[in-house]
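> Can you read through this structure? Questions will come right after.
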Amino acid sequence: MRRAFALVSLLSILPACIVEAPTSEKSGPAVQSSRGQVKPVPVKNGAVLGDVAELVGATFAPPSLTPGDGTRVVLVFRAIKPTTDDWQVFVHVEDAEGRGERLNADHAFRTPTTVWKAGEVIQDEFALTLPPGWRSRAVNVFVGLWLPTTNARMKVRNPEAIRTDGSDRVLLVQLPVAG
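In my numbering, each number is its position in the sequence shown, counted from 1, plus 21.
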């Protein structure tokens with residue numbers, strides 16, 4: 022009971038330093054965790070990627086970027102159905118001000134999608150670092166799944182409930198850039 026009350030209390034706090042991409046009305050606000058020195062900021066999502074996975078959300082610690090420094094990102098997926106294809110995650114970071122600066126952080130999962138079981142929760146942790154000299158004051162972080170053998174992106178099944186760019190990239194969050 023005490024934990025439920027604490028969780029409800031935490032869910033009512035909006036972090037001031039992250040602009041969460043709009044989602045369906047069922048999603049709640051981003052919350053701030055009370056663990057660790059650098060508090061990770063969870064971002065909810067709910068994108069359904071093909072019939073393979075749901076992008077539940079992510080955490081960012083710290084919840085902003087500084088050129089030359091990194092943030093620890095943990096993407097959280099829930100497996101929907103087993104697959105025989107070895108999908109990988111793509112992460113595209115783009116200048117939110119439209120100046121054309123871009124960064125890719127594509128990578129393979131530590132646990133391949135070929136061994137995921139329905140209902141399993143998969144956490145994908147990696148570092149995201151902007152190069153020194155990055156000029157924009159904010160970045161959009163797009164996420165999705167792709168198949169390197171064919172270069173195909175997995176279809177976003179619920180684009181009306183989340184934010185996408187129309188090219189099967191999910192706009193997960195907009196992060197501020199310090200400095």
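Glycine is no exception: its CB is placed at the ideal position from the N, C-alpha and C atoms.
Excluding five sequence neighbours on each side, which residues of the same chain lie with their C-beta closer than 7 Å to the C-beta of Ala42?
Here the question's residue 42 lines up with position 21 in the sequence shown. Note that Ala42 has pLDDT 45, beneath the 50 cutoff, so the model's placement of it is unreliable and no number is given.
> Would you identify the three-state DSSP class for Thr92, choosing helix, strand or coil?
On the sequence shown, residue 92 is found 71 positions in, with the first residue counted as 1. Correct three-state label for Thr92: strand.
> Can you say whether Arg190 is buried or exposed, counting buried as having 16 or more other CB atoms within 10 angstroms of its CB?
The residue labelled residue 190 in the question sits at position 169 within the sequence shown. So Arg190 ends up on the buried side.
> Could you give the residue range of the beta strand (DSSP E) that holds Pro84?
Taking the sequence shown and counting its residues from 1, one reaches residue 84 at position 63. Where Pro84 is concerned, there is no enclosing beta strand (DSSP E), given that its DSSP letter is neither H nor E.
> Do you know whose CA, among Thr80, Asn161, Trp155, Ala182, lies nearest Lys60's CA?
The residue you call residue 60 lines up with position 39 of the sequence shown. Of Thr80, Asn161, Trp155, Ala182, the residue nearest in Cα terms is Thr80.
> How many Å lie between Thr105 and Gly200 at the Cα?
The residue given as residue 105 occupies position 84 in the sequence shown. The residue given as residue 200 occupies position 179 in the sequence shown. Going from the Cα of Thr105 to the Cα of Gly200 covers about 44 Å.
> Look up Thr105 in the DSSP assignment and say whether it is helix, strand or coil.
Taking the first residue of the sequence shown as position 1, residue 105 is located at position 84. Correct three-state label for Thr105: coil.
> Going by beta carbon distance, what residues of the same chain come within less than 6 Å of Gly57, once the five residues before and after it are set aside?
As a working mapping, residue 57 is identified with position 36 in the sequence shown. Confidence is the limiting factor: at Gly57 the pLDDT is only 43, short of 50, which leaves the residue's position unreliable and the question unanswerable from this model.
> Any chance the region 149 to 169 sits against the region 86 to 95, with 3 or more Cβ pairs inside 8 Å?
Contact between the region 149 to 169 and the region 86 to 95 is present, because at least three Cβ pairs lie under 8 Å.
> Give, in chain order, every unbroken run of the beta strand (DSSP E) that is at least 3 residues long and sits entirely within the region 116 to 183.
Counting only runs of 3 or more, we get 123 to 125, 142 to 150, 159 to 168.
> Would you mind reading off the limits of the beta strand (DSSP E) that contains Ala68?
By one-based count along the sequence shown, residue 68 stands at place 47. Counting along the chain, the beta strand (DSSP E) containing Ala68 begins and ends at 62 to 70.
> Would you decide whether Lys65 is buried or exposed? Buried here means 16 or more other CB atoms lie within 10 Å of its CB.
In the sequence shown, counting from the first residue as 1, residue 65 sits at position 44. Buried, since its Cβ has 16 or more Cβ neighbours within 10 Å.
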